[in-house]
Each structure stands twice: as structure tokens, then as C-alpha cells.
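Residue numbers (the numbering used here): 341 to 1255.
First the structure, in the form of C-alpha cells, and then the observations on it.
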């Protein structure tokens, strides 16, 4: 186990990351991300290589040249300010997989200084002056001036070192580039706080005559022939952004990127501090046949850091991996009885006895924190003016003498010094409360002073933090539950809501909150019979029924059997007491995966069930299917065709047949305009299939769409498990697990709103079902399941972060090889359209099909459906008479909403309406 002092370890980089985030928090957000890579063809290196030598043969010389160039680059950026005035910076040294060193440089610019000088007023102006993403112009071949020679050199460096070439290393599925090349053409620099900056990348002209007429509208191209004799044409779409001055001076790859918005700060800092490459190695013992001895995968396979010869040289020379503009000191934190102790091996007993003697004598061990208490106490005793500082910002006026172990007033103010209190585990609530209090309590003199608020000394630091409103108190949760129970009049709604609340809320003490709810005099969760029982019996009754609602809402207990033969429950998973159920086997999780409602009807006590949920599962779903309204003739025709495909899949999956019927399709794509009844048809289909004991899994791409399906959930929740899924994501599901067994038994799946789902997700689902399928079905798409996809191509495309419309088209499931297996069925009747709305329907269809879009993908709306101001919009949706009588007309608010593209706009609108 390595620690934070071990150079290059994970703990080392975690500490450096925290220090860099302190700089960002105190100074400002990162503005520039610069990557400088050592050039193997640098003239300084080429001149010292002997004949037949390569750069890898001279690692020491490579490192020396790199260190010198890096030092000069730091001076250029921080002292000479070639990229503008700098407030703070940090950089991290890394090594490419091929061995060459490179550095990631994060810079915080002084925008106020730039605006004051009048040089730069906007981010677009900065991009125009300092960053370029275009192939430079070539001067006339007859021009031999010094500026022309410099321009030719810059052109050569750009086309040889700053043009991205897509190959198998960056392409996904052999098509898409992981670096988002080629970029879209753009006539101007465009900056946005919530998107990647768009640099000016002018398109090439269609002819030279067109260029001569308007040379400022077009960019340059570069033609070259690769080593295989193939000719290529490079445009501005493939240029990596750079700075003219730095590229001309260092003649190496120096990527300069403007960082967009505060949301990128953590990502950029993590990227800069990601550390060295890691690899799994296997440890074997010589002399043992096969190399394996006492085979234990956990101990035999280890995650190790591998280094190259150049990294070894830099380490031997003591080159810093991370360099920062500011010193960031760490302040110790501990509780009254939780001091950190360093013990010398062999002296453990002696040190323990000394510590015990000090505790018996009432002497507290002196640390940074206790010394800070003493400093404030001494100033108070001698009557000096309080410093007005917290422990977190004491460094601004004080300094800690590590030898004398006391705090002193600093004579010299160190403007390049910051401090941070060490991070603590959020599971240690008492220590977390101490850390929070130390950031707000001014001039604390003792532990008791720290937990005192408004002349009340609280017994614990957690109570003191809650009293100050610094940590969540159960009071707000109690009020939330009471309001919810007031609106949910039936006990069936209350128990379901309570399970969802506990399952989705990170409570500090869930058991205490549940005990409070159970002891309420209203008996909101049970009837008269249960109310007569003692408290323990009432709590166990509620927990036993909550267990199944928690499982139905996605709380998955651990499937590993404990030493006592029991399994974890869903209640224990969220830190509630264990219900006194019989030993719940993990096989019961299959019910939650396939049909959560069926599991609830089977196991939950009848008083907690709605009237329509009582009875057998088949009767319940038959009622849902035959209830009015009934499917239209068109919908029923599609349902019958899908059911035939389901029967074909069921016969093979259940082992009744060995092959699928060739003339019966099993893969369907259901499409139709909004209002054609797609969701209604899915629910009728789900009800019919459940009533006939088919095992299906209804899903959707979004949570709202999933809520509209019987037993629906999102695809990520049901199948993906990972937050991010791409073409390289492996379906890490144990073939022998209960989850795999559940998936194998499925006869089909339904995925609604597939048009906005990324094709990587559908391909992952296919890989998942094939990985757990029997050997005879592994080569069949989706492991032989019947698959129903639904959506409307006129609605949203998949979201591609920072991508263009072409990237969104490429991400659509239409571009996956799996889609050729699907047959398309379209619902043509519109059941939602009212009389007189045909014209509005035609308008929406023109918007969805792109007929009304201009060249910039913008749509001009009719004047009749537009308002001219924000106030007019608010008055239209929320008239003044409605707002003035809101309490008595609250039901009218349910059908009114203003959709905002950003949270900031949402907050602004709410503030205006609620004033």
C-alpha cells in the first residue's frame, strides 16, 4: 500500500489534485489547457545523435533537452505572459506510452487586467488573438524576407505536427474519432459557457476563382502522400489548436485549448492529475510447473505502474511531477480523542504508555489544531483584538512554526500561499461536522467553543453543525414526509412513497427518521390492528413491507452469502434495520428485474396494496388489457404480429424447439407521430404478454418515458449498470449470477424512445444478452430475444457532448449494423389530434422533418405562437388572477409549465414568478 508521499502513486496524485482544486477555488477557474510534447525530431536532439542511433537510444539527452525547453516554456507563459496576464497555474509531467515526456499545463488568466488594458474584452477576442485552428497561409515563393521564412516554417510545423490523422488508435467502431475530428467548419470563433469552444475553421473554396473574389471567407488545404503512396488532402477540420508564437519558437506539438465554463474545472484538473499508466501484471514463481503456485487471482494479479527509461532518468534527477504557482499547505484535522500518532517500530508499547499517562493527567497532545485553539485562547486572555479568522483561512495572517508547534503572526504576507483542511470521509459524520465547523467558527478557543452556538454547548459536533444549519437536519425531512402523507390519503400510496424516499435520499440517520414516522399518533402506515402492537412489532411490520417496495425501486442487496448463512436485505442496504423476514434468497431478485409490480403483489401485505392490485397476476393484467379504451384495428394488428414473434422466441428459449421460425419476424421497430398511440399500444402489449406468462422487460431511454410503461424502467437502470457506455464497454456479468439467469429466461424486451438513445447502448445490450446466452444462441442478435423498439425520428437525436449534427446522426441506432434485422411498422392514425388542429399538426411535421429549417438549423416560428418578452410569457402561462388565488386553485397549476433550456434560467423565472 503506497501513501501520498510516494512519488507517482494514486494517493500522491489525489493529494496534488486537492491542492490544485484549492488554487481553482481561491483564485478562479481554469482558462487554458496546454499540452506540450517532446519532439523526437527536434534539431537539438538530431544534432547529437550518432549514425544509426534513434532518440530512444539517448534517453538522458532527451530528458535534458525537454527539461530545458519546459523551463523556458514556463517562463514564456508565466513571466513573459505570451498568452496574456496569468494569475495562477500548475502543470503535471507525464510520459507517453512510447516513452517521450510531455506536460499538461493549466492556466488561470487575469481577465480583469486584460480588460483594463483594453486589449481583450471578450473570450472571442482572446481566441482571435492567441489561438488558431487553421492552416497558415503560404507566402509567395519569390518572397525571401525574414517574415516570409517564418511563415513558411510555421506552415511546415502545423501541417506536420498539428494535423490530426484518424487511425485505429482514435477511432471507435472504425468510424468515429474519439478526439471529435473532423470538426465542423466555422466562419468565426464562438465561445459558450456550456459547450466546447468553436474555433474559426474556414472551409476550402470550390475553385481558385472563388478564393480570389473573397479570400477572407476561405481556408487553406494541404496535400501529402503517405508512405503507402496514397494521396491525402487536409483541411482546417483536422488542425489541432495552437498559438503562433509558441509553435514557431519550440517547433513541437503544443496544443492550446480554451476551457469553457466552470463545469470543466474538475474534469481538466483530473485530466492533468490523472497520473502514469497502469498495467496488470501476474506474479509467478520459478521452478513451479506452469508458473502458478497457490493460485490466488487477487494476490497473483496486481495493478502496477510501469515506467520507461526516460521516466526513470527524470525520477533519479528529482524532477518534480507536479509544479504549482502557489504553495498549498494542508492543515491537520482530528477529533478530541482522534489524534494522528506516528509510532516507531519496536516502541509501540512505550509510546502507548506515554499517551495514556498524558491522557490521565489531562494533557492533550499538541497538534496544528490544538495549537490554534491555544493561540486564540492566549490572545483572549491578554485582551488583544480577535484575529477574526477561521482555521481554514488562518494562513492569511498567521503561520505555523513546525519546530515550536505554535501559531505566530506572520510579518511577511505570502501572496503565493494557500491552505486547505484535509479531506475526511463523509461516513464519519462527527469528524465531518468538525471540519465544517472549522471553516465557519471564528477564533475558536477550545473544543467546547467549537460546538457552542448562541450560548448553547451542544453534546456533539454534529448537533452543533445542525444547529447552525450547516448539515441537514431531520426536521426538514420530517416536514417533507408529513406533507407527502397529507396529500397521499391512502396507506398504499404512503408506503410506496416512503420506500422511494428512503431509497433515493442520503440520510444521516435513516433509522431515527423512520422511528419518528412510526411513532406519530396519526398511524399513517398501518391500521388499528397493527397500531395496538408494541413499537418494535410496528417497526418490523413497516420494514417487512418496505423491503419489497425498495427492491421494486431498484435497491439491489449484495448477493454474497454471509458467514451466518443470511443474505443482505434492501433495508440494510440503505442503513435501516433488518426486517424479521425469512432468509430472503437472491433468486427473488428475478421478480424485481422482470416485473416489480408482480413481486409487490406477491409479497406485500394486502392493506398496502391498491384494490386493483389484489388477486392473481394473470387476472390483474387481463383486466388491464380488456379495460377501455381498446386498441384500434391498426394497433391490434401490430400487437398480434409481435405476439407471434414472442411465441417464436419463447419456444426456443424455453427449450421446446431448437430453431426459430424463419417466416416470423422477432425484431420490430414501431414508429409514428406524437399522438399515434405508441405508448398506449406498448402497455396493451405488456398487459397481454404478462397475462399469458411471458417474461419481458419494458424499458425506455428516459425516466419520464419509462414511468408511462407498465413496470417500466430506464435501459441504464435495468441493463447497463455503468453510468457511461460506449463501444468498448464490456458486459461484466457473471454467467452464473442471478442477474444473468434472469436475463437468460427473458422472452423479450421493449425499449421506448429509442430515437434519442445512442447506438452504443443498443450494441451494449446486444453484447450483454449474447454473453449470458446458451452456446447455441450466442451468434444470434440479442441472444434470440424478441426485441421491440419504439420512437419517432422527428424527435430528439442522441446527445453527443460537444458534437455536431453529423456526430448525432452517426450516433443514431439507424447507423448500427443491428438495425438491418428490424422490420419497421408505422402507426398512421393520430388519436390525440382534435378537430381544427390539422394546420398545427402540419406545422409540427414540417419542423420535425426539417422543411422549415434554414442553413444554420434554425426554425422561424409563426408570429401567432410567439411572445415578445419574458413578462408576457409569464402572464400567458401564469395569469395574475391565478397567482393571487393559487392556494384555492392549486389543481390548475398541474397543467402549466415553462420549459427552460438551462437551470440558471429556471431559477430566474421562478424568482420573478414568486416575487
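Virtual Cβ for every residue (Gly too), placed ideally from N, Cα, C.
Computed from a predicted model, the values in this text were never measured in an experiment.
Between residue 672 and residue 759, how many whole angstroms is the CB-CB distance? I'm expecting something under 8 Å. Rounded, the Cβ-Cβ distance is 11 Å, inconsistent with contact.
- Message: According to DSSP, is residue 526 part of a helix, a strand, or is it coil?
- Response: strand
Is residue 1134 near residue 1188, with beta carbons less than 8 Å apart?
yes
Would you list the residues sitting across from residue 433 in a DSSP beta bridge?
443
Hey, could you find the ends of the alpha helix (DSSP H) residue 967 is sitting in? That residue, residue 967, is in no alpha helix (DSSP H); it is neither H nor E in DSSP.
**Report entry** residue 482 in three-state terms, based on DSSP
**Finding:** coil
field: Cα-Cα separation between residue 995 and residue 1120, rounded to whole angstroms
entry: 16 Å
*Just curious, the beta strand (DSSP E) that residue 364 is in, first and last residue?*
Unbroken run through residue 364 is the alpha helix (DSSP H), 350-367; no beta strand (DSSP E).
Q) Skipping 5 residues on each side, what residues in its chain have a beta carbon closer than 6 Å to that of residue 1083? A) 1112
**Q.** Beta-bridge pairing of residue 1007 - partner residues as DSSP gives them
**A.** 1127
Q: Evaluate contact between the segment 568-580 and the segment 481-497, counting only Cβ atoms and requiring at least three cross-stretch pairs below 8 Å.
A: no
Given a cut-off of 8 Å, decide if residue 1110 and residue 1123 are closer than it, judged by their beta-carbon atoms.
yes
| In three-state DSSP terms, what is residue 1234? | helix
Report, in whole angstroms, the separation of the C-beta atoms of residue 1012 and residue 1126, which I expect to be a contact under 8 Å. Between residue 1126 and residue 1012 the Cβ distance is about 20 Å, and since that is not below 8 Å, they are no contact.
Q) What is the residue span of the alpha helix (DSSP H) that residue 669 lies within? A) Here residue 669 belongs to no alpha helix (DSSP H); instead the beta strand (DSSP E) covers 667-671.
### Query
Looking only at its own chain, which residues have a Cβ that is under 6 Å from the Cβ of residue 525, when we skip the five neighbours before and after it?
541, 543
- Query: When you compare only the Cα positions, how much space is there between residue 566 and residue 378?
  - Reply: 23 Å
*Pick helix, strand or coil for residue 747, following the three-state DSSP scheme.*
strand
| query | Out of curiosity, what's the CA-to-CA distance linking residue 707 and residue 716? | reply | 14 Å
Item to complete: Evaluate residue 1031 with the Cβ neighbour count: other Cβ atoms within 10 Å of its Cβ, from every protein chain shown; 16 or more gives buried, anything less gives exposed.
Response: buried
**Prompt:** Based on the DSSP output, what are the partners of residue 792 in its beta bridges?
**Reply:** 797
Worksheet item: For residue 638, does the three-state DSSP call read helix, strand or coil?
Response: Any reading at residue 638 must be qualified, since the residue scores a pLDDT of 46, below 50, and its modelled position is unreliable; the value itself is stated next. In this structure, residue 638 counts as helix in the three-state DSSP scheme.
Just checking my contact of residue 1108 with residue 1073 at CB under 8 Å: how many whole Å lie between their CB atoms? 7 Å
Quiz item: Terminal residues of the continuous alpha helix (DSSP H) containing residue 1243?
Solution: 1243-1254
Worksheet item: Looking at residue 527 and residue 1301, is the spacing between their C-beta atoms short of 8 Å?
Response: Residue 1301 lies beyond the residue range present for the chain, which begins at 341 and ends at 1255; the question has no answer from this structure.
Taking 8 Å as the limit between beta carbons, can you name the residues of its chain near residue 975, skipping five residues before and five after? 1017, 1020, 1021, 1024, 1167
According to the neighbour-count rule (16 or more other Cβ atoms, all chains shown, within 10 Å of its Cβ), is residue 636 buried or exposed?
Note that residue 636 scores a pLDDT of 49, beneath 50, so its modelled location is shaky; the value from the coordinates is reported in the next line. Exposed, by the Cβ-count rule.
Write down the C-beta distance between residue 559 and residue 474 rounded to the nearest angstrom, noting that I regard them as a contact closer than 8 Å.
5 Å
Let me know the secondary structure DSSP gives residue 572 once reduced to three states. strand
| Who does residue 565 pair with in a DSSP beta bridge? | 571
### Query
How is the beta strand (DSSP E) around residue 1037 delimited, first residue to last?
1036-1040
Problem set entry | Rounded C-alpha distance that separates residue 1131 from residue 1137 | 11 Å
request  = Classify residue 403 as buried or exposed, calling it buried when 16 or more other Cβ atoms lie within 10 Å of its own Cβ.
outcome  = buried
Next on the checklist: Quick check on the DSSP output: the beta strand (DSSP E) that includes residue 741 runs from which residue to which?
Outcome noted: 738-741
Alpha-carbon to alpha-carbon, residue 1051 and residue 1192 | 38 Å
For residue 730, which residues from the same chain have a beta carbon less than 7 Å from its beta carbon, with the 5 sequence-adjacent residues on both sides left out? 778, 779, 780, 781, 782
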